[in-house]
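Take a look at the structure below.
2 protein chains.
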Amino acid sequence: MSHRSDWFRSVLDEAESNIRKLLKIPDAYHVLFLQGGSSLQFSMIPMNFLRGRKLEATYLKTGYWSAKAPPEAGFEGAVKILWDGAEGGYRNLPEQYELQIAPDSAYLHYVSNETVEGLEFQYIPESKNVPLICDMSSNLLSQPLDVEKFDLIYAHAQKNLGPAGVTLVIIKDELAQSAPEKLPTLMDYRTHIKAKSIYNTPPVFSIYTLMLVTRWLLHEVGGLEKMHEINIRKAQNLYEALDSNSGVYQPYASPACRSKMNCAFHLKDEQFYEVFFAEARDHNIMGLEGHRSIGGIRASLYNAVTENDVDCLTAYLQYFAQKSH
Amino acid sequence: MSHRSDWFRSVLDEAESNIRKLLKIPDAYHVLFLQGGSSLQFSMIPMNFLRGRKLEATYLKTGYWSAKAPPEAGFEGAVKILWDGAEGGYRNLPEQYELQIAPDSAYLHYVSNETVEGLEFQYIPESKNVPLICDMSSNLLSQPLDVEKFDLIYAHAQKNLGPAGVTLVIIKDELAQSAPEKLPTLMDYRTHIKAKSIYNTPPVFSIYTLMLVTRWLLHEVGGLEKMHEINIRKAQNLYEALDSNSGVYQPYASPACRSKMNCAFHLKDEQFYEVFFAEARDHNIMGLEGHRSIGGIRASLYNAVTENDVDCLTAYLQYFAQKSH
């Protein structure tokens, strides 16, 4: 089957159309399906919007993931870290008043949700006239979004969108057209705009599955307001289970920055980890190990995790807390 | 499921091990699973092996596909087209004596099989001490290969390897280490060597399916010698059907350069195209339309096409020839 067939075009078109409906994306934005994940976006963004310019690109360094972006920009030009949470162990996010961005910045880049530490921005940073670029890999399509506040939004698929292999990019035409003339063809957003995401063979299976996921969100879940309500209930349920057993569990993120997508926490008594993971497996709860950078426990609550799944987890957390007390 | 799980590591390891066995790859070469297709390799290769060097990169321009590579190298340095088949309409490939490569070339890049025109190199060009780089997207794993003649071989998956989304790279360690110090992380082959193909989330489904394909080649087909025998029979069968009806069909490629993977041909009488495609569909034969650049008809004979499939096609070609005579 050709990726230039009418059938595959209809898959791409439905995926785009569903995403436009879900996020209410204005016409001034293109919806693109690329490859390479967020890691390639870390490079493409400065190639397109920093290279050859006498401006600084501004980055927020708010966790393990977002810290990977500024070095890639450093290959292309000057970089300013406007806010750095490393010293505090990435337990907090900046407040709006802390973000005084230079008006001649090339762009402001941030990550809306830090998967490792479980931090989620509860507001959209004000960037004034500076183009606002956001990596939403881990919370796009988990809630409604005011796309017009942004100039470029991107997300790899493998959290809420579909299987790994495709990267969703929502880019304002004005920003895309501001890139320098000569860029490697595949690194130039205009290539993909012009070719409607089939300049070269796209990751067809990942896109097909992403299309099915957007169809499910739109027609079965009933839109992002509904998805958001579900995600809020899931997160509240989980954090309540932790907070009501504060003698046993220690959430990693400051309460004001808690993520609805990823919840990282530690056991107050280190000797219980082995039993915790072993008994969790006995309860058919897998993959709770925290990221190697901070250890401990992490539960992810992406769209595909049901309220019933979270009930199972919180029941286990209650059981384990009572038992280990 | 984490791409860093033991299970997915075992998938990657088996895929690599099967490919090493099938192609008898020496230890001095790394086997990598990347993203972005051959199009991204067109950019990565000059970034790694031409950037910042006062040398020319040498390219063979032998068809619609290979013609896309040199402009990407032009972004990084000087490019020499050693042989250009454009004037002849890409019906021929160069012979060895026509390829006198400058000994101080950065590398020699060519495409072993041109899918659009149906041209396939029947020999490996002699590059002396110049690193030899080959895009084998459309014929890798279709026949045995002397990997040691090459410094870098790459292939996107969607011809003989598996579903689109993963790009196989076989690179000699010595070449990979010769790249400049500072490259965008994801564009640096050393990143993927060091991270054993999981620097970032790989296209897991495509890699899993590729692993199954290599398992099939190794254990069910019985290796590349066997696959080659089948592919030779398929191609002979098809070209014989065309040659024995030379009043009706006109193969595109010169006989000496005919590809075993793609056969492009025209009808001598233009008015029969509509009937040809319509009746083919009635016989359940789809996707025979030639590439827009040369029109006509194209039949691809990748590994997944069975001898029985080719028998159906040649029976139709015979039927149509008799009918239209």
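Respectively, the protein sequence lines represent chains A and B. With the working numbering, letter number 89 in the first sequence gets 89, and the count goes up by one each step, no holes. Count along the second sequence from 1, then add 1000; that gives the number in the working numbering. Using N, Cα and C, we set each Cβ at its ideal position, and we do this for glycine too.
What residues in the segment 15-30 of chain A bring their beta carbon closer than 9 Å to a beta carbon of chain B?
none
Please look up how many angstroms separate the CB atoms of B/Trp1083 and B/Glu1114, rounded, as I've assumed it's under 8 Å.
About 13 Å; that fails the 8 Å criterion.
Where do the N-terminal and C-terminal ends of the beta strand (DSSP E) with A/Tyr249 fall, by residue?
249-251
Which residue from A/Ser197, A/Ala67, A/Tyr110, A/Ala155 puts its Cα closest to that of A/Ser293?
That would be A/Ala67, whose Cα lies nearest to the Cα of A/Ser293.
Quick one: residues in its chain with C-beta nearer than 7 Å to the C-beta of B/Ala1299, no 5 flanking neighbours on either side, listed in chain order?
Leu1238, Cys1263, Leu1288, Leu1313
A/Tyr59 - containing alpha helix (DSSP H), residue span:
Where A/Tyr59 is concerned, there is no enclosing alpha helix (DSSP H), although the beta strand (DSSP E) it sits in stretches over 56-61.
Am I right that A/His156 and A/Gly37 are in contact with their C-beta atoms under 8 Å? What's the rounded C-beta distance?
4 Å
On the three-state DSSP scale, how would you describe B/Leu1119?
strand
Considering only the alpha carbon of each residue, which of B/Ser1002, B/His1003, B/Val1011 lies closest to B/Tyr1208?
B/Val1011
Could you say which of B/Asn1092, B/Tyr1252, B/Asp1311, B/Gln1035 lies nearest to B/Ala1164 if we only look at CA atoms?
B/Gln1035
Could you name the residues of chain B that A/Glu36 contacts, counting a contact when the two beta carbons are closer than 7 Å?
According to the sequence as given, residue 36 of chain A is Gly; it is not Glu. Gln1035, Gly1036, Leu1186, listed in chain order.
Flag A/Ser66 as yes if its beta-carbon sits less than 8 Å from any beta-carbon of chain B, otherwise no.
So, not an interface residue.
What does a CB cutoff of less than 6 Å around B/Lys1196 pick up in its chain, not counting 5 residues either side in sequence?
Taking B/Lys1196 as the centre and dropping the five residues before and after it, the same chain places no C-beta closer than 6 Å to its C-beta.
Please list the terminal residues of the continuous alpha helix (DSSP H) segment that includes A/Asn231.
224-243
Under a CB-based cut-off of 8 Å, is A/Lys172 close to chain B?
no
Buried/exposed call for B/Arg1215, threshold 16 Cβ in 10 Å
exposed
With DSSP collapsed to three states, give me the class of A/Ile25.
coil
Just curious, the beta strand (DSSP E) that A/Asp135 is in, first and last residue?
132-135
I want to see whether chain A comes within less than 8 Å of B/Val1204, judged by CB atoms only; does it?
yes
For A/Glu98, which option in A/Glu126, A/Gln236, A/Lys149 has the closest C-alpha, if you only look at C-alpha atoms?
A/Glu98 has its Cα closest to that of A/Glu126, out of A/Glu126, A/Gln236, A/Lys149.
Could you check the C-alpha separation between B/Gly1088 and B/Ser1259 for me, to the nearest Å?
17 Å
Determine the extent of the alpha helix (DSSP H) in which B/Tyr1097 is found, giving its start and end residues.
Unbroken run through B/Tyr1097: none, as it is neither H nor E.
Within 10 angstroms of its Cβ, does A/Ala57 collect 16 or more other Cβ (buried), or is it exposed?
buried
Could you tell me which residues DSSP puts in a beta bridge with A/Ser300?
Note: A/Ser300 sits in a beta bridge opposite A/Asn262.
Taking any Cβ of chain B, which residues in the segment 59-88 of chain A have a Cβ under 7 Å from it, in chain order?
Glu72, Phe75
Under 8 Å between the Cβ atoms of B/Leu1242 and B/Phe1265?
When the beta-carbon positions are compared, B/Leu1242 and B/Phe1265 come within less than 8 Å of each other.
A/Ala195, DSSP secondary structure in three states:
coil
Would you give the residue range spanned by the beta strand (DSSP E) that B/Thr1185 belongs to?
DSSP places B/Thr1185 outside any beta strand (DSSP E), giving it a letter other than H or E.
I want to see whether chain A comes within less than 8 Å of B/Thr1201, judged by CB atoms only; does it?
yes
Do the segment 1122-1140 of chain B and the segment 175-186 of chain A meet, that is, are 3 or more Cβ pairs less than 8 Å apart?
no
First through last residue of the beta strand (DSSP E) which encompasses A/Lys80
Bounds of the beta strand (DSSP E) holding A/Lys80 are 78-84.
A/Glu72 versus B/Thr1185: straight-line alpha-carbon distance, rounded:
When the Cα atoms are used, A/Glu72 and B/Thr1185 turn out to be separated by approximately 7 Å.
Span of the beta strand (DSSP E), counted from its first residue to its last, around B/Lys1172:
1167-1172
Give the range of the alpha helix (DSSP H) segment to which B/Ala1155 is assigned.
No alpha helix (DSSP H) contains B/Ala1155, which is instead part of the beta strand (DSSP E) from 1152-1156.
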